[in-house]
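*Asks:* At position 64 of the sequence shown (counting the first as 1) the number is 64 in the UniProt record's numbering, and the numbers step up by one without a gap.
Where a beta carbon is used, it is the ideal one built from N, C-alpha and C, also for glycine.
Computed from a predicted model, the values in this text were never measured in an experiment.
Okay, here's the structure, questions in a sec.
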Amino acid sequence: MGEMISYKRPDGGDSKGYLVEPAQVGSAPGVVVIQEWWGLNDQIKGVAEKLAEAGYRALVPDLYRGELALEANEAEHLMNGLNFADAASQDIRGAVQHLKATGSAKVGVTGYCMGGALTVLAAVFVPESDANATWYGYPPLEYVDAGRIAAPLLGHWATQDQFFVIGGVDALEGKLKEAGVGYEFHRYDAKHAFANEEADSKNLSPLGYNPEAAELAWTRTQAFFDKHLR
Numbered sequence: 001m002g003e004m005i006s007y008k009r010p011d012g013g014d015s016k017g018y019l020v021e022p023a024q025v026g027s028a029p030g031v032v033v034i035q036e037w038w039g040l041n042d043q044i045k046g047v048a049e050k051l052a053e054a055g056y057r058a059l060v061p062d063l064y065r066g067e068l069a070l071e072a073n074e075a076e077h078l079m080n081g082l083n084f085a086d087a088a089s090q091d092i093r094g095a096v097q098h099l100k101a102t103g104s105a106k107v108g109v110t111g112y113c114m115g116g117a118l119t120v121l122a123a124v125f126v127p128e129s130d131a132n133a134t135w136y137g138y139p140p141l142e143y144v145d146a147g148r149i150a151a152p153l154l155g156h157w158a159t160q161d162q163f164f165v166i167g168g169v170d171a172l173e174g175k176l177k178e179a180g181v182g183y184e185f186h187r188y189d190a191k192h193a194f195a196n197e198e199a200d201s202k203n204l205s206p207l208g209y210n211p212e213a214a215e216l217a218w219t220r221t222q223a224f225f226d227k228h229l230r
């Protein structure tokens, strides 16, 4: 189990996050985990705990400042109130800097849905990140300055995604190719949120948990982080 901690943003402000340490901390690498639009709930804490079991220090920034959403309309309201540029350049960058300052030589970023879009922005705005893995989420492509992306990028995409359509993935891939970014994209015959084991309980038709795709994507993510962070 982890604990809530406070850490500094680059602008000197304070952020909070859920930190889980592995059994053997030492100089273990770190991963910043970015929430879906539901907030810092038990499901995303479970992702951090799974990373800790794999030997990573995992930190989930509390981007909603303690607020949680149970229904889609609540989640949409909270997401629309989030300053994405501030979240990426301050909360997420501060989390990466915190892990590096407290013992992790290398730190990656991963996120889901809204957090996936923020992971792509982090690839642009967090130069300290050493590897980034996005799950079915990308921001408006005009905000992706691919020429600023230095760290390798892994992407997991759902071909049946109604929120982040696959055509946008193709356009993002084109920008990355043009800029010479090192990336690895995988497409899955699945719906949005295919790796969230609670997706079906939300009773939203665009969502669908797919355990086979989830396991394959997780295996690929572990291999990606093991390669670039260890």
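Using the Cα positions of K16 and A213, report the straight-line distance between them to the nearest angstrom.
*Replies:* Within the sequence shown, the letter at position 16 stands for residue 16. Within the sequence shown, the letter at position 213 stands for residue 213. Approximately 32 Å, taken between the alpha carbons.
*Asks:* Would you be able to state if there are at least three C-beta pairs under 8 Å between the region 18 to 28 and the region 163 to 183?
*Replies:* Verdict: no, contact absent.
*Asks:* Is A151 near D130, with beta carbons less than 9 Å apart?
*Replies:* Counted from its first residue, the sequence shown places residue 151 at position 151. Counted from its first residue, the sequence shown places residue 130 at position 130. Going by C-beta atoms, A151 is nearer than 9 Å to D130.
*Asks:* Going by DSSP, which residues form a beta bridge with M79?
*Replies:* Start at 1 with the first residue of the sequence shown, and residue 79 comes out as number 79. Its beta-bridge partners do not exist; DSSP assigns none.
*Asks:* Tell me the rounded alpha-carbon separation between N166 and W157.
*Replies:* For the purposes of this step, residue 166 is taken as residue 166 along the sequence shown, with counting starting at 1. For the purposes of this step, residue 157 is taken as residue 157 along the sequence shown, with counting starting at 1. Note that residue 166 corresponds to Ile in the displayed sequence, not to Asn. Spanning the two alpha carbons is a distance of roughly 7 Å.
*Asks:* Give a yes or no on contact between the region 45 to 59 and the region 81 to 92, applying the rule of three or more CB pairs nearer than 8 Å.
*Replies:* Touching, no.
*Asks:* In angstroms with no decimal places, state the Cα-to-Cα distance between D226 and E215.
*Replies:* Along the sequence shown, one-based indexing puts residue 226 at 226. Along the sequence shown, one-based indexing puts residue 215 at 215. Near 16 Å, if we compare the C-alpha coordinates of E215 and D226.
*Asks:* Could you tell me the alpha carbon to alpha carbon distance between E198 and H192, rounded to whole angstroms?
*Replies:* By 1-based counting over the sequence shown, the position of residue 198 is 198. By 1-based counting over the sequence shown, the position of residue 192 is 192. Computed Cα separation, rounded: 12 Å.
*Asks:* Does DSSP put F194 in a helix, a strand or coil?
*Replies:* On the sequence shown, residue 194 is found 194 positions in, with the first residue counted as 1. F194: coil per DSSP, three-state reduction.
*Asks:* Apart from the five residues on each side of it in sequence, which residues of its chain come closer than 6 Å, Cβ to Cβ, to R187?
*Replies:* Within the sequence shown, the letter at position 187 stands for residue 187. W157, T159, listed in sequence order.
*Asks:* Please state whether the Cβ-Cβ distance between L118 and A88 is less than 9 Å.
*Replies:* Along the sequence shown, read from residue 1 onward, the residue named residue 118 stands at position 118. Along the sequence shown, read from residue 1 onward, the residue named residue 88 stands at position 88. The answer is yes: Cβ separation under 9 Å.
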